[in-house]
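2 protein chains.
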Amino acid sequence: MKRPKKQRQQALKDSIKENPFVTDEELSNEFDVSVQTIRLDRMELAIPELRERIKHVAVKTFEDEVKSLPIDEVIGEIIDIELDKKALSIFDVKPEHVFQRNKIARGHHLFAQANSLAVAVMNEELALTVKSELQFLRPVTAGQRVVAKAEVIESHPEKNRAFVKVVSSVEQLTVFIGTFEMYRMTEQSEGDTE
Amino acid sequence: MKRPKKQRQQALKDSIKENPFVTDEELSNEFDVSVQTIRLDRMELAIPELRERIKHVAVKTFEDEVKSLPIDEVIGEIIDIELDKKALSIFDVKPEHVFQRNKIARGHHLFAQANSLAVAVMNEELALTVKSELQFLRPVTAGQRVVAKAEVIESHPEKNRAFVKVVSSVEQLTVFIGTFEMYRMTEQSEGDTE
DNA sequence: CTCATATTAGTACCAAGTGCTAATAGCGGG
DNA sequence: CCCGCTATTAGCACTTGGTACTAATATGAG
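Respectively, the protein sequence lines represent chains G and D.
Heads up: the first sequence at position 120 corresponds to 121 in my numbering, and the numbers run straight through without jumps.
Heads up: the second sequence at position 141 corresponds to 142 in my numbering, and the numbers run straight through without jumps.
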């Protein structure tokens, strides 16, 4: 017979993690054991019942929602902003942001934080990035907090352009510098083909 | 007597919106009516029961979570790769990648695709981006497929440096150009799984 | 074979409901 | 004052997805 109580329990854990909305009965079909066995497994693994799992997820989002809504599409949390002048955001580097091998953050996360901030600092919400130059000066690793400071260094409202410089640092040490040429999409002006 | 059926229902709506985790019984205390009245009210207002409300919130977050995860590893699907020479990937722009207002893809996704590809084309997996210059030539919208072509244009193995140029296009039309200066983290390459 | 563990079955019970029927309250109009 | 109407309340059966517990049965290892 299938001896794999351990395997089943591992698979069970994975399965529930992947889809917390699954009932014991569905699981019992999936693993071809009785519902009771699933229940025993859950007890041993200290996995709560469906409703508690769902509630947990819901509570989490509900709490997050308050935080994430105002900033919506921004990577990193905006701490301070002075429209058309400067802005500041922080981004905590977590394991999912880094290369597995050396724990160094992938460049596009730093870029995303800086670019989001550059977009946010513009007085228009519909700002697009036209050009940018980046320097990745020091590697950033998981667990570090990156503070990005954006500054509008040149503004040409008549041409719908502005230049934003973003400097990101970890504990006072500069890790990234980017300059962004931004385009303001006032009204429906399409085709920013440059 | 309190005539306010309408007021109560309005208050009920607000109350549930503010805290979806409240049971009918709690509501019946809050409004000093019977549980049945609360139920009738919910029916009239088409407000689902507690569990369904919670589930709804949970599903919403869960989907968001899955969506926001893929900014993890390689962005875009690598179609063809010739190490140290060139590589090609495609990236389908989906609703979650664009600004809600004008459906234009956020810059960091294009960057992420290009940067990921630049990293991938390097013979080392532990390649870091040092500098880069980007041009966002045309807006890309949801539903479009971005094809990125990376080419190693200069290689200095002795200095552990290489320059990669990435050109991204949608239907033959160039939308993005980026040049990346990459740094090889050679070290002594260990077990190369992944 | 025997013993422990694993699994299954079955029962009672719970929370938070739905769905339904029926009783009652309150009040306004004729 | 009674009629009729809506609003409210009560009560019961049933549902989901469980918990808690007991008991029976497999199954495998020593």
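All residues carry an ideal CB built from backbone N, CA and C; glycine is no exception.
Quick caveat, the model's predicted, so the values are computed rather than measured.
query                                                                                                                  : result
Supposed contact pair S90 (chain D) and G77 (chain D) - C-beta distance, whole angstroms, cut 8 Å                      : 4 Å
Close beta carbons around L138 (chain G), own chain, < 8 Å, minus the five adjacent residues each side                 : T175, V176, F177, I178
Beta-bridge pairing of S169 (chain G) - partner residues as DSSP gives them                                            : G:A149, G:F177
8 Å Cβ cutoff, F177 (chain G) in contact with chain D                                                                  : no
Exposed unless 16 or more other CB atoms sit within 10 angstroms - verdict on M123 (chain D)                           : buried
7 Å Cβ cut-off: residues of chain D touching A12 (chain G)                                                             : Chain D residues near A12 (chain G): none, gap ~20 Å exceeds 7 Å.
Helix, strand or coil at S35 (chain G) according to DSSP, with G and I counted as helix                                : coil
CB contact flag (A115 (chain D), S169 (chain D), <8 Å)                                                                 : yes
CB contact below 8 Å: H109 (chain G) versus chain D                                                                    : yes
Short Cβ contact (8 Å threshold) for A151 (chain D) with A119 (chain D)                                                : yes
Contact list for R52 (chain G) against chain D, beta-carbon separation under 7 Å                                       : R52
Rounded Cβ spacing between S133 (chain D) and F181 (chain D) (contact assumed at less than 8 Å)                        : 5 Å
Candidates D:L84, D:G144, D:I82, of which the one nearest F92 (chain D) by Cα                                          : D:G144
For L13 (chain G) and Q8 (chain D), the rounded distance between their alpha carbons                                   : 48 Å
Residue of G:K18, G:I80, G:F32 minimising C-alpha distance to E50 (chain G)                                            : G:K18
Per-residue DSSP class, three states only, for R162 (chain G)                                                          : strand
Span separating the alpha-carbon of E172 (chain D) from that of R146 (chain G)                                         : 39 Å
Between the CA atoms of F100 (chain G) and A106 (chain G) - distance to the nearest angstrom                           : 6 Å
C-beta neighbour in chain G for I91 (chain D), strict 8 Å                                                              : no
First through last residue of the alpha helix (DSSP H) which encompasses A119 (chain G)                                : 108-122
Coil, strand or helix - Q8 (chain G) by DSSP                                                                           : helix
A149 (chain G) classed as buried or exposed, judged by whether at least 16 other C-beta atoms fall within 10 angstroms : buried
Bridge partners - E134 (chain D), DSSP secondary structure assignment                                                  : G:E134, D:T180
Neighbour flag for I48 (chain D) against chain G, beta carbons, 8 Å                                                    : no
N-terminal and C-terminal residue of the beta strand (DSSP E) that I82 (chain D) is part of                            : 78-83
Short-range partners of chain D found in the stretch 142-166 of chain G, where Cβ spacing is below 9 Å                 : none
Proximal residues of chain G, C-beta to C-beta of I55 (chain D) below 7 Å                                              : I55, K56, A59
Contact check, M183 (chain G) vs T142 (chain G), beta carbons under 8 Å                                                : no
Simplified DSSP state of K87 (chain D), which is helix, strand or coil                                                 : strand
Contacting residues, own chain, Cβ-Cβ under 6 Å from E45 (chain G) (five flanking each side not counted)               : none
Within 8 Å, strictly: CB atoms of P21 (chain D) and V58 (chain D)                                                      : yes
Same chain only: Cβ atoms within 6 Å of I39 (chain G), ignoring 5 sequence neighbours per side                         : D25, L28, S29
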